[in-house]
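Enquirer: Take a look at the following structure, please.
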Amino acid sequence: MPDRPEIVCLCGSARFADEMRAANRDLTLAGVIVVAPGEADGLITHEQKTALDALHLRKIDLADRVLVVNPGGYVGESTSREIAYARATGKPISFTDPV
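Here the numbering used here = 1-based position in the sequence shown + 483.
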């Protein structure tokens, strides 16, 4: 029995916010600590996007593994960078849909 629950970082496009919320709910109910992307209402500035992207990499650092929420196999530019970062740091990565 581990000393603490598994920590999973969700990655994926903001267009899949509903799917990420569902994955968050399901994992949480299964006893997993979920670290998810920040959400913003409306448009954000380039500076805010840059800061949020950097913050999400730190969230990946905290996680035991990464789950990419990618309905239909879609992986965008930001998510691709997050996947590359997770791979470079040795984090296991899984996908909700085949890539």
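All C-beta atoms in this analysis are idealised placements derived from N, C-alpha and C, irrespective of residue type, glycine included.
Computed from a predicted structure; not experimentally measured.
(1) List, from N- to C-terminal side, the beta strand (DSSP E) runs of 3 residues or more that fit wholly inside the stretch 504 to 580.
(2) Taking just the CA atoms, how far does D486 sit from S496?
(3) Does the beta-carbon of C492, which I'm using as the reference point, lie nearer than 7 Å to any heavy atom of the ligand FAD?
(4) If you pair each beta-carbon of the stretch 529 to 541 with each one of the stretch 555 to 575, do three or more pairs fall below 8 Å?
(5) Determine whether the beta carbon atoms of V551 and T528 lie at a separation below 8 Å.
(6) I need the straight-line Cα distance from R508 to T533, nearest angstrom please.
(7) Quick one: using the 10 Å Cβ neighbour count with 16 as the cut-off for buried, is P581 buried or exposed?
(8) What residue from D547, L526 and D524 has the CA that sits closest to V518's CA?
(9) I'd like the span of the beta strand (DSSP E) that includes V582, first residue to last.
Expert: So, from the listed chains and residues:
(1) 516 to 518, 548 to 551 and 576 to 578
(2) 32 Å
(3) Questions concerning the ligand FAD fall outside what the structure shown contains, since it holds no ligand whatsoever.
(4) yes
(5) no
(6) 27 Å
(7) exposed
(8) D547
(9) Note, V582: premise wrong, no beta strand (DSSP E); not H, not E.
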